[in-house]
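For the sequence shown, the working numbering gives the first residue as 17, with consecutive numbering after it.
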Amino acid sequence: MIGDIIGQPGRRAVRQLLPDLRQELSLDMVVANGENTAGGFGITLETAEELLDSGVDILTSGNHIWDQKEIIPHMDEGLPLIRPANYPDAPGRGYLVQDGVMVLNLMGRVFMPTLDCPFRTATAVLAEAEAEHSPQVIIVDFHAEATSEKQGLGWYLDGRVSAVLGTHTHVGTVDARILPKGTAFLTDVGMTGPFNSVIGSDTDAVLDRFLTGLPQRLSVARGPVILNSVLIEVDDGTGKALSIQRIDRMVD
Ligand SMILES: [Fe+2]
Ligand SMILES: [Fe+2]
């Protein structure tokens, strides 16, 4: 699972690193959060296809999924791109099952737009998917701001899914672990984007915003790029996680 991919620098890093990582780590499936792939805001068909060509299998998203309106019709048309399942009545799908692997996207509600309850949505969607697809492996991208809400969902889903992996903050955390009932957990995967930045954006523009309080257009920063990701190994007989480790790489 690759953390939020930021603009062209992030896409380029994925294209440069992912084919080798797929080989080196014998990856069966690659999930990536694509909500920031188009200039930092949203995702277009072109940027989605670029990532799929680079070796991503399923794209997840979050609050920025609606920024580029052109993607909306494609979300119902077979593009392997999902949006948080707890949007009450939105285009697109909240989960996908591919080769026995279910990927579920949910969004938090603490310091975020108010959506349906991610906890109850998870239970409802898991019941539906179990009945229709009986997936062997279930990976959850929990796109949320608050560490507490993310840890809470990890414990809530422990033993019911293979992994609960946080996204959205663009800052990777060091708490990768397997919970007692076999669910791999990480508060935040991080981002794949410019290293010398404020969560991917140009530092000068962000500092202007903080120092003046005035609106300021943000652009994607330049320079070296960090790829933040996490590798999960799952027993496909039981659906339980066997290992979880961060994989972080730099590209000039
Ligand atoms: Fe993001
Ligand atoms: Fe986000």
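Cβ atoms here follow ideal geometry from the backbone N, Cα and C, with glycine treated the same way.
For ILE111, the first and last residue of its enclosing beta strand (DSSP E): As written in the sequence, residue 111 is Tyr, which differs from the Ile given in the question. 111-114 is the extent of the beta strand (DSSP E) around TYR111.
Just the residues with CB closer than 5 Å to a heavy atom of ligand 2, in chain order, which are they? GLY78, ASN79, HIS184
Hey, would you say GLY209 sits closer than 8 Å to GLY216, going by beta carbons? Their beta carbons are under 8 Å apart, which means GLY209 touches GLY216 by this criterion.
In this structure, how does DSSP classify LEU230 when only helix, strand and coil are distinguished? DSSP places LEU230 in coil when its eight states are reduced to three.
Determine the contact status of SER235 and ASP218, defining contact as a CB-CB distance below 8 Å. yes
Which term fits PHE226, buried or exposed, when burial requires 16 or more other beta carbons within 10 angstroms of its beta carbon? Residue environment: PHE226 is assigned as exposed (fewer than 16 neighbouring CB atoms within 10 Å of its CB, all protein chains considered).
Buried or exposed for VAL190, going by 16 or more other Cβ atoms inside 10 Å? exposed
Tell me which residues share the same chain as LEU230 and place their Cβ nearer than 8 Å to its Cβ, disregarding the 5 neighbours each side in the sequence. ASP224
Could you tell me if the beta carbon of ASN52 falls within a distance shorter than 7 Å of some heavy atom in ligand 1? yes
Give me the Cα-Cα distance between MET91 and THR139, rounded to the nearest whole angstrom. 23 Å
Where the alpha helix (DSSP H) through PRO25 begins and ends: 23-40
Less than 7 Å between the CB of ASP20 and some heavy atom of ligand 1, yes or no? The answer is yes for ASP20.
So, does the stretch 96-109 touch the stretch 67-82, judging by three or more C-beta pairs under 8 Å? Flag = yes, the stretch 96-109 and the stretch 67-82 touch.
Drop a sphere of 10 angstroms on the beta-carbon of ALA24, count the other beta-carbons inside from all chains shown, and report buried for 16 or more, exposed for fewer. The amino acid occupying residue 24 in the given sequence is Gln; Ala does not appear at that position. Buried is the call here.
Taking contact to mean 3 or more Cβ pairs, one atom from each stretch, closer than 8 Å, check whether the stretch 142-159 and the stretch 177-194 are in contact. yes
Our contact map puts ARG38 next to VAL46 with C-beta atoms below 8 Å; I'd like the distance itself, whole angstroms only. 7 Å
Given THR63 as reference, the closest of LEU173, GLY26, ALA237, LEU202 once Cα atoms are compared: With respect to the C-alpha of THR63, the residue from LEU173, GLY26, ALA237, LEU202 having the closest C-alpha is GLY26.
What residue range does the beta strand (DSSP E) around SER245 cover? 241-250
Can the beta-carbon of PRO151 be found closer than 8 Å to that of ASN102? no
Please go through the same chain and pick out, in chain order, the residues whose beta-carbon is closer than 8 Å to the beta-carbon of LEU33, but skip the five residues on each side of it. LEU243, ARG265, VAL267
Beta carbon of ILE87, beta carbon of SER178: below 8 Å? no
Does the distance from the CB of THR163 to the CB of THR203 come in under 8 Å? yes
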